[in-house]
Structure formats: structure tokens, C-alpha cells
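Here the structure comes first, spelled out in C-alpha cells, and everything after it is commentary.
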Amino acid sequence: IQLAKMAGHSPIITTASLRNEAHLISLGATHVLDRSRSNESILEELPKLTNGKPIKFAFVTVVFSHDSCRLARDALAPGGDLLTAAPGPALLPEDVANPGHGKRVAYGHGSPHLPHTRDICIDLFKHLTEWLERGSLKVRRIAYSSAAQLSHVRYNRSRTPSRCFPMASLALQRVLLAS
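Quick note on the working numbering: the sequence shown kicks off at 724 and runs consecutively.
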């Protein structure tokens, strides 16, 4: 959401638990829709939120939710781009991995250790400190209720050092951008 805002996209529409609404708006979301709503209900509302502009970009972080993937695919205008946090098409339903209508799917597994994402990660890391110091990019503070939770996150971070924000996908399911 923050990078979309920094890039000048608007509106920025996301689906999430409404208990996260204030936080997501503080990050730059213009609209937060309850993720428990049906895809049909959300798709019906999108033209009102975009003032009729087509949605050209969608980002799905919760790729294990096939409904989330299909919502993003269906919300896109023909020729739109769907970015997923999946490392490849094997995790997506076939009808999302190959959406048709000129829609394209990209796999944004953000690891600097993979050859096809190395350059963009290096570029991102060059700017990361500046964005954090300026307050352009905010990191959510996470409260842990037990030492076991904290050790689990530390273990996961040691196993996947490329994930700077391992909990980001918990608060966000889909981001839809009109242009």
C-alpha cells in the first residue's frame, strides 16, 4: 500500500479485516473493504470507488486464498496486471495463473537471492533506509503475546532472511489500483 501511494496511485483499495481499517488508511489505502464480503459484492462496489476508471493493477499477498486471487483477477480490466506474492504459478489456481483477456500475471516473491528479483531488490534496499528515516515507509510494530510466538518469528526470519516484513500479509489480502 505504501509503495503504491509513493508511486502516485489512487485510489488504493484493499480488502482486510475491518479491525485493521484505521492502520491501512494511515498507510495510504483510500478504501478498505471487509474481506469477509463475497467477491460479487466487492466487484459490484468497485466502479463506485474508482469513479468508473478501470483497474489496471492488482496485488495479492494471500495467494493461498483462491477467492482472493480470483477477486483480483476479476477486478482487473482487460490488459491489466496482477502481481502475486507467489514465487511461481504452481501455487495459483489455473484460471488465475492463465487469466485470459490480455491480463498478465507476475510473481513478486521478493528475495534478493533469486536471479530474476535480485536487481529490483538491490534498488529497493538502496532507498529503504531513506524512506524509513523520512517516515515515507512505516513499519508496523508487532506485539507478541508469548515467547513462543517471538521465537517462531525469529526462527522463520533466520530461515528466510530475505523477508524484511514477514508479517505484512497478515493484515492485507488484496490491493486494487485504478489508473
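The beta carbon of each residue, even a glycine, is placed where N, CA and C say it ideally should be.
Distance CB(residue i)-CB(residue j) smaller than 8 Å
| i | j | result |
| --- | --- | --- |
| V828 | L805 | yes |
| F780 | G803 | yes |
| V783 | T807 | yes |
| G858 | Y830 | no |
| N762 | L794 | yes |
| I736 | K728 | no |
| R758 | A739 | yes |
| H832 | A813 | no |
| P838 | I845 | no |
| L815 | Q725 | no |
Contact belief for residue i with residue j at Cβ below 8 Å, rounded distance in angstroms
| i | j | result |
| --- | --- | --- |
| L756 | I765 | 6 Å |
Identity of the residues DSSP links to residue i by a beta bridge
| i | result |
| --- | --- |
| R827 | D804 |
Helix, strand or coil at residue i [DSSP, three-state]
| i | result |
| --- | --- |
| S892 | Since pLDDT at S892 reaches only 34, below the 50 mark, its modelled position is unreliable, and the value read off the structure follows with that caveat. The answer is helix: DSSP assigns S892 an H, G or I state. |
| L772 | helix |
| L799 | strand |
| F787 | coil |
| I843 | helix |
| K849 | helix |
| S764 | helix |
| L814 | helix |
| N821 | coil |
| L873 | Note that L873 scores a pLDDT of 47, beneath 50, so its modelled location is shaky; the value from the coordinates is reported in the next line. It is helical. |
| I724 | coil |
| H832 | coil |
| A745 | helix |
Given residue i as reference, the closest of the options once Cα atoms are compared
| i | options | result |
| --- | --- | --- |
| G823 | P801, P838 and G731 | P801 |
| D818 | D797, P838, H832 and D842 | D797 |
| T773 | R863, Q725, S733 and S788 | S733 |
| H789 | E767, T840, A820 and P770 | A820 |
| K826 | P777, L851 and E768 | P777 |
| A730 | W854, E744 and R863 | W854 |
Interface flag, residue i vs chain B, CB-CB below 8 Å
| i | result |
| --- | --- |
| L815 | Of the protein chains in the structure, only one exists, and it is not chain B. |
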